[in-house]
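The opening residue of the sequence shown carries number 15 in our numbering; numbering runs sequentially from there.
Heads up, the thing below is written out as structure tokens.
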Amino acid sequence: VQLQASGGGLVQAGGSLRLSCAVSGITFRLSDMGWYRQVPGKQRELVATIVVNGATTYGDSVKGRFTISRNNAKNTVYLQMNSLKPEDTAVYYCNAIQAWRSANYWGQGTQVTVSS
Numbered sequence: 015v016q017l018q019a020s021g022g023g024l025v026q027a028g029g030s031l032r033l034s035c036a037v038s039g040i041t042f043r044l045s046d047m048g049w050y051r052q053v054p055g056k057q058r059e060l061v062a063t064i065v066v067n068g069a070t071t072y073g074d075s076v077k078g079r080f081t082i083s084r085n086n087a088k089n090t091v092y093l094q095m096n097s098l099k100p101e102d103t104a105v106y107y108c109n110a111i112q113a114w115r116s117a118n119y120w121g122q123g124t125q126v127t128v129s130s
């Protein structure tokens, strides 16, 4: 199973980035997908999730600025990040869950750095 995240980088405050996570080795359309982020010394926190039926949830700090989406034909989940703030700086991780078989997978993470 591979979750390959990409799209991170350095951006100025107010800018935008789009993260992608390409998934292989599992049935993507049957997987609940999510993005999480972590900064050194802090717990990993929820950014956004999108479940099999397309329903989405967002962390309070990103509501109205970030949008999660999925393309089942491409086995890929996306995170569109707009109006970025310095406090969005973190390593962003892609997550796949198949609760029906107690499976939980993580990608390798992609660094997002927002300069003020």
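For each residue, glycine too, the CB sits at the ideal point set by N, CA and C.
The shortest C-alpha to C-alpha distance from SER97 to any of ASN86, VAL76, THR124 and ARG58 is the one to VAL76. Shown here for GLY39: same chain residues with a beta carbon closer than 7 Å to its own, the five before and five after excluded, namely VAL15 and GLN16 in chain order.
The Cβ-Cβ distance between ASP46 and VAL61 does not fall below 7 Å. The alpha-carbon separation between ASN67 and GLN57 amounts to approximately 28 Å. Looking only at THR90, VAL128, TYR119 and GLY48, the smallest Cα-Cα distance to GLY73 is reached by GLY48.
Short of 7 Å from the beta carbon of ALA36, and not among the five residues preceding or following it, lie these beta carbons of its own chain, in chain order: GLN18, ASN89 and THR90. In the three-state DSSP reduction, ARG115 falls in the helix class (H, G or I). 7 Å or more divides the Cβ of TYR119 from the Cβ of LEU33.
DSSP, reduced to helix, strand and coil, places ARG79 outside both helices and strands of the structure shown, so it counts as coil.
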